[in-house]
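Numbering of the sequence shown is given in my numbering, commencing with residue 1 and proceeding in unit increments.
Please read the structure below before turning to the comments.
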Amino acid sequence: MKKYILPSNDLVFKKTFASPENIHILKGLIWDFLHIKAKDIKIGSPYNIRSLKEIKNNARLQVTIVDLYAQLEDGTGIIVELQVLPELYLAERLMHYWSEKYSANYGIKGLADIETDKYNSLRPVYQIVVLYHNFFDDELPIHTVETTIRETKDTFNGGDGRQLMKMVIVELKKAADNLPADVIEWFQYFKGKPVGKKAPNYIKDAHRKAEYINFSEEEREMLSEIERIKADNESSLAYARKQAMEQGLEQGLEQGLEQGLEQGLEEGINKAKLEDASKMLDEGLDIELIQNITGLSYEEIKKLN
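Here is the structure:
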């Protein structure tokens, strides 16, 4: 096992950012990327030794996306997500996830006077999305997505004047040289590289949490299991891409002789995708993961069951 485990490993991520004793690390992340000074934070599903079983049961699903949800003292929701593999409908999924968390507070007692106006219970939800791949077609390593009014360029705020949504998308493959010093240190951390001597203590603590020596025997067994599943998935991905390319080209060329090269290639590739999706279902891969690999819709894959 490596000396340092990337935080994209679900166990490392949850232990570092979702443990009650590590709240200062999450506060630092929120401040550096969202510029919010968090006083009190409530983790949706705090990490503890009992959650190891849940992580193990979901291990196959947690090798591509890991995330957590937390609430600040004023009810503001915070989503932190790490994504390892590219996703065809990333923007749609992020907005869907945001809308679920945003609407979840509707009518909650304690957040508003529900006798007069249930909408007053809704609170902003902000996301930090860290990608281990590129998404935007430019060189900027960070993009901040907000709702704005086109004519005035003002943000579209709620009744209390606060922004209802903000999404900070971080692309680790892009150069971070011109970013603030603390943000550069986060880039180092997420990439599994050493952090600087002048890095904030919370980033140094996060880095120490990811060192293999600091995990219990039970956690080490779980780390090995997750890494094994990740390696299996990567192998399946490589095989599926190779098969799709070879079969799609061959079948497409054959059909192209009769129906036209362009149409034949398209149909042949699609047929190969369906065949590969069927094989991946047989191997137990998650439908969402198969979507990412093949580009097929959920309905197309579901019909193969």
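We treat Cβ as the ideally placed atom computed from N, Cα and C, and that holds for glycine.
Cross-strand partners of residue i (DSSP beta bridge)
i, result
"Tyr126", "Ile78 and Lys166"
"Tyr202", "None; Tyr202 has no bridge partner."
"Lys42", "Gln71"
"Ile36", "Answer by DSSP bridge pairing: none, since Ile36 is not bridged."
"Glu211", "Tyr4"
"Lys143", "In the sequence on display, residue 143 carries His and not Lys. Its beta-bridge partners are Ile169."
"Gln83", "Ile65 and Leu131"
"Asn157", "Gln163"
Backbone secondary structure at residue i - three-state DSSP
i, result
"Lys109", "strand"
"Asn311", "Beyond the ends of the chain as shown, which are 1 and 305, falls residue 311; an answer cannot be given."
"Glu171", "strand"
"Leu72", "strand"
"Tyr102", "helix"
"Glu151", "coil"
"Val12", "helix"
"Tyr132", "coil"
"Ile293", "helix"
"Val183", "helix"
"Asn22", "helix"
"Lys193", "coil"
"Asn270", "helix"
"Ser216", "coil"
"Asn305", "coil"
"Leu90", "helix"
"Tyr239", "helix"
"Asn48", "coil"
"Leu261", "For Leu261, the predicted model reports a pLDDT of 48, less than 50, meaning its position is unreliable and no value from the coordinates is stated."
"Asp138", "coil"
"Asp276", "helix"
Exposure of residue i, with buried meaning 16 or more beta-carbon neighbours within 10 Å
i, result
"Ile149", "exposed"
"Pro7", "buried"
"Asn305", "exposed"
"Pro180", "exposed"
"Phe136", "exposed"
"His207", "buried"
"Lys209", "buried"
"Asp10", "buried"
"Asn201", "exposed"
"Thr294", "buried"
"Thr76", "buried"
"Asp67", "buried"
"Lys273", "buried"
"Asp276", "buried"
"Lys3", "exposed"
Between the CA atoms of residue j and residue i - distance to the nearest angstrom
i, j, result
"Asn178", "Lys109", "45 Å"
"Lys48", "Met222", "Note on residue identity: the sequence assigns Asn, not Lys, to residue 48. Going from the Cα of Asn48 to the Cα of Met222 covers about 13 Å."
"Gly158", "Leu164", "6 Å"
"Leu296", "Lys197", "47 Å"
"Pro20", "Leu131", "25 Å"
"Ile65", "Asp160", "33 Å"
"Thr147", "Phe17", "27 Å"
"Lys193", "Thr152", "42 Å"
"Phe13", "Ile36", "21 Å"
"Ile226", "Thr155", "41 Å"
"Asp282", "Lys271", "17 Å"
"Gln243", "Asn292", "16 Å"
"Ile184", "His133", "17 Å"
"Asp138", "Ala176", "13 Å"
"Ile5", "Pro86", "21 Å"
"Leu122", "Gly107", "8 Å"
"Ile301", "Ile203", "41 Å"
"Lys174", "Val84", "15 Å"
"Leu61", "Asp286", "Residue placement at Leu61 cannot be trusted, given a pLDDT of 47 that sits under 50; the coordinates are not used to answer."
"Phe187", "Asp32", "12 Å"
"Asn22", "Asp205", "9 Å"
"Tyr69", "Phe190", "19 Å"
"Leu26", "Glu73", "14 Å"
"Ser235", "Arg220", "23 Å"
"Asp232", "Tyr239", "11 Å"
"Met280", "Ile290", "7 Å"
"Arg93", "Lys303", "21 Å"
"Lys15", "Asn105", "26 Å"
"Ala199", "Ser224", "29 Å"
Short CB-CB distance (under 8 Å) between residue i and chain C
i, result
"Ile65", "Of the chains in the structure shown, none is chain C; there is only one protein chain."
Spell out a yes or no on whether the region 77-96 and the region 119-133 are touching, meaning 3 or more CB-CB pairs, one atom from each, closer than 8 Å.
-> yes
Specify whether the region 211-228 and the region 32-48 touch according to this definition: at least 3 beta carbon pairs, one from each stretch, less than 8 Å apart.
-> no
The region 160-175 touching the region 135-150, judged by at least three CB pairs closer than 8 Å | yes
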